[in-house]
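Peer 1: Numbering (the numbering used here), first residue to last: 13 to 466. Here a beta-carbon is modelled for each residue, glycine too, at the ideal position from N, C-alpha and C. Shown below is the structure under consideration.
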Amino acid sequence: MVQNSQKSGEKMERIVSLAKRRGFIYPGSDMYGGLSGTWDFGPLGVTLKRNIMQLWWKLFVEERDDMYGVDAAILMNQKVWQASGHVDTFTDPLVEDLETKQRFRADHLLKEAGLSPEGLSLEQMTQLIKDNDVKSPNGNALSEVRTFNMMFKTTVGPIDDDTSISYLRPETAQGMFTNYKNVLDSFYPDLPFGLAQQGKAFRNEISPRDFIFRSREFEQMEIEYFVDPAKWEEAFEHWRQQVWRWTQCLGLPDENVHELEVQEADRAHYSKRTIDFEFDFPIGKEELLGLAYRTDFDLRNIQNATAKNMEYLVKGTNTKFVPHVIEPSFGVERAVMAVLTAAFTEDEVNGETRTYLKLPEHLAPIKYAVSPLVRNKTELVAKARELYDGLKKKHGAVMWDENGNIGKRYRRQDEIGTPHCVVVDFQTLEDDTVTIRERDTTQQRRVPIEELVK
Ligand code: ATP
């Protein structure tokens, strides 16, 4: 067990180090000593992230005829967050180290001490900490458990008073609920139909940690799927299957993805049923994404707060109701981290350990690397450039690589998950064929350029 967790810790460290070294993900504000819970995506990271987001959009918006994309403003009227319950209840339980004043998630410390915080009130958690003499990670005594609202507060406009308060959205969902009526008026779709949105969300996490897993600024991809209340179970099941399709498209092995039926006491205030999809990250089995049945909680809140009618009139009938909602909620950073975890592979090639990212080709930031065998032969370089330009025009995600010897280039491309390396050599000048070397098998074969470009 200890060995396993040591191994997982090492794997995590190696992924974090590769991600930084090879230009995937850097700590935020790195030059100034960082800013806890923020991360910057580098050139390869941003492409990987976009490939994931575009795949999601293609599967869940473009390929369907019941889905409507939106891109709502991050800053919203404060009434949105009052009506949604976030101002009062979007909180985490917090304890303070009495010596250092550092703050921690009480439920996380209890779990790490082998205790179960599930369903406990603040008082009960405080008692459990006392009874079991749970200390902070620094070994000091802890304060009572309090709640802490995770929304970042800000002010909109030049006057700083109660009316100008706004929040950086902690989820993208409300941007869809507030546009339900607009989309209804513009398109009047049949039920069930959904709104989909991708974008930044912000949570002032008490203790951000585990690389990009728990960040303060992150990206979500969410769907609010509006259904006839009598048919919510059918829709829930549909989205459960779609989530599995998604994890498969990400290249995550089924055996590393787990469904957790969340018990009532642990569900968000709006949810009547939630399944957390967990993944075997190197840090342990943790939530990758969530699927929730939000009932009519959000539309009803809007209706109550604004006195605007949120009912749906079924076409050709007099039947009216406020639709219920199934919400699959995907975190982009956790998807990136899961993809990197599943792809990170070490094997042995010619007696040496080789590290490579076995990324699915459709997600790999670079699909082809093109090299001249040597860089000081003008003819070879010109031929390779010509091929590079042709491939780039066609595929976009192509990299020019002429540094170091071929072996080193292959290692470098392996580490960033490039599936194919193409080498232009002296034979190319004679017969217009090139060597293609495959990442996963390290096998090489010769193919005519014409075939490759096609
Ligand atoms: P957790 O229990 O891990 O804090 P949550 O249940 O609060 O997560 P949701 O509110 O269901 O998360 O958010 C939906 C998704 O958004 C999560 O499944 C996750 O992928 C992502 N997410 C939530 N919080 C964070 C965060 N701090 N950093 C990165 N991704 C996050």
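Identify the continuous beta strand (DSSP E) that holds His432 and give its terminal residues.
Peer 2: Looking up residue 432 in the sequence shown gives position 420. Element bounds for His432: His432 to Val436.
Peer 1: Apart from the five residues just before and just after Val14, which ones in its own chain have a Cβ nearer than 6 Å to its Cβ?
Peer 2: Position 2 of the sequence shown, counted from the start, is the residue given in the question as residue 14. Since pLDDT at Val14 reaches only 43, below the 50 mark, its modelled position is unreliable, and no value is offered.
Peer 1: Beta carbon of Arg221, beta carbon of Pro182: below 8 Å?
Peer 2: As a first step, residue 221 must be located in the sequence shown, where it is residue number 209. As a first step, residue 182 must be located in the sequence shown, where it is residue number 170. The answer is no: Cβ separation not under 8 Å.
Peer 1: Could you tell me the boundaries of the alpha helix (DSSP H) in which His98 lies?
Peer 2: Within the sequence shown, residue 98 is the residue found at index 86, counting from 1. Segment His98 to Thr101, the alpha helix (DSSP H) holding His98.
Peer 1: Quick one: Cα of Val393 to Cα of Ile338, how far?
Peer 2: For the purposes of this step, residue 393 is identified with residue 381 of the sequence shown, where counting begins at 1. For the purposes of this step, residue 338 is identified with residue 326 of the sequence shown, where counting begins at 1. Going by the C-alpha atoms only, they are around 56 Å apart.
Peer 1: Give a single yes or no on whether Arg115 has its beta carbon closer than 7 Å to a heavy atom of the ligand ATP.
Peer 2: Working through the sequence shown from its first residue, we reach residue 115 at position 103. No, the Cβ of Arg115 stays beyond 7 Å of every heavy atom of the ligand ATP.
Peer 1: Between the C-alpha atoms of Leu264 and Gly296, what's the straight-line distance to the nearest angstrom?
Peer 2: Along the sequence shown, one-based indexing puts residue 264 at 252. Along the sequence shown, one-based indexing puts residue 296 at 284. Distance between the alpha carbons of Leu264 and Gly296: 15 Å.
Peer 1: Between the alpha carbons of Ala396 and Gln425, how many angstroms are there, rounded?
Peer 2: Taking the first residue of the sequence shown as 1, we reach residue 396 at position 384. Taking the first residue of the sequence shown as 1, we reach residue 425 at position 413. Ala396 and Gln425: Cα-Cα distance of roughly 17 Å.
Peer 1: Helix or strand or just coil, what does DSSP make of Arg457?
Peer 2: Locating residue 457 in the sequence shown gives position 445, where the first residue counts as 1. Of the three classes helix, strand and coil, the one that applies to Arg457 here is strand, per DSSP.
Peer 1: Using the Cα positions of Glu25 and Ser283, report the straight-line distance between them to the nearest angstrom.
Peer 2: Translated into positions along the sequence shown, residue 25 becomes position 13. Translated into positions along the sequence shown, residue 283 becomes position 271. The alpha-carbon atoms of Glu25 and Ser283 are separated by roughly 36 Å.
Peer 1: Could you give the distance in angstroms between the alpha-carbon of Glu373 and the alpha-carbon of Leu403?
Peer 2: Here residue 373 refers to the residue found at position 361 of the sequence shown. Here residue 403 refers to the residue found at position 391 of the sequence shown. Whole-angstrom Cα-Cα distance: 16 Å.
Peer 1: Roughly how far, in whole angstroms, is the beta-carbon of Glu323 from the beta-carbon of Val334, given that I think they are within contact range, below 8 Å?
Peer 2: One-based indexing of the sequence shown puts residue 323 at position 311. One-based indexing of the sequence shown puts residue 334 at position 322. With 8 Å as the limit, Glu323 and Val334 qualify as a contact, their Cβ atoms being about 6 Å apart.
Peer 1: Pull up the distance between the alpha-carbon of Asn313 and that of Phe102, whole angstroms please.
Peer 2: Mapped onto the sequence shown, residue 313 falls at position 301. Mapped onto the sequence shown, residue 102 falls at position 90. Going from the Cα of Asn313 to the Cα of Phe102 covers about 16 Å.
Peer 1: Closer than 8 Å by C-beta to Lys123: which residues in its own chain qualify, once you throw out the five before and the five after it? Chain order, please.
Peer 2: What you label residue 123 is simply residue 111 of the sequence shown in a count that begins at 1. Closer than 8 Å at the Cβ level, and outside the excluded window around Lys123, lie Pro129.
Peer 1: Cβ of Ser471 within 7 Å of any heavy atom in the ligand ATP?
Peer 2: There is no way to answer for residue 471, as the model of the chain reaches only from 13 to 466.
Peer 1: May I have the straight-line CA-CA distance separating Asp202 from Tyr305, to the nearest angstrom?
Peer 2: Within the sequence shown, residue 202 is the residue found at index 190, counting from 1. Within the sequence shown, residue 305 is the residue found at index 293, counting from 1. Those two C-alpha atoms are separated by around 20 Å.
Peer 1: Count the other CB atoms, across all protein chains shown, that sit within 10 Å of the CB of Glu108; report buried if there are 16 or more and exposed otherwise.
Peer 2: Translated into the one-based positions of the sequence shown, residue 108 becomes position 96. With 16 or more Cβ atoms within 10 Å of its Cβ, Glu108 is classed as buried.
Peer 1: Is Leu301 a contact residue of the ligand ATP, with contact defined as CB to any heavy atom under 7 Å?
Peer 2: Counting from 1 along the sequence shown, the entry for residue 301 is found at position 289. Yes, Cβ of Leu301 sits closer than 7 Å to a heavy atom of the ligand ATP.
Peer 1: Go to Thr353, then tell me how far its alpha helix (DSSP H) extends in each direction, as first and last residue.
Peer 2: On the sequence shown, residue 353 is found 341 positions in, with the first residue counted as 1. Boundaries of the alpha helix (DSSP H) harbouring Thr353: Val344 to Ala355, taken from the DSSP string.
Peer 1: In the DSSP assignment, what residue or residues form a beta bridge with Thr329?
Peer 2: In the sequence shown, the residue the question calls residue 329 occupies position 317. In DSSP, Thr329 forms no bridge with anything.
Peer 1: Rounded to the nearest angstrom, how far is the Cβ of Val274 from that of Thr286, given a contact under 8 Å?
Peer 2: Within the sequence shown, numbered from 1, the residue matching residue 274 stands at position 262. Within the sequence shown, numbered from 1, the residue matching residue 286 stands at position 274. Rounded to the nearest angstrom, the Cβ distance from Val274 to Thr286 is 4 Å, consistent with a contact under 8 Å.
Peer 1: Is the segment 49 to 67 close to the segment 142 to 151, with three or more CB pairs under 8 Å?
Peer 2: Contact fails: fewer than three Cβ-Cβ distances are below 8 Å.
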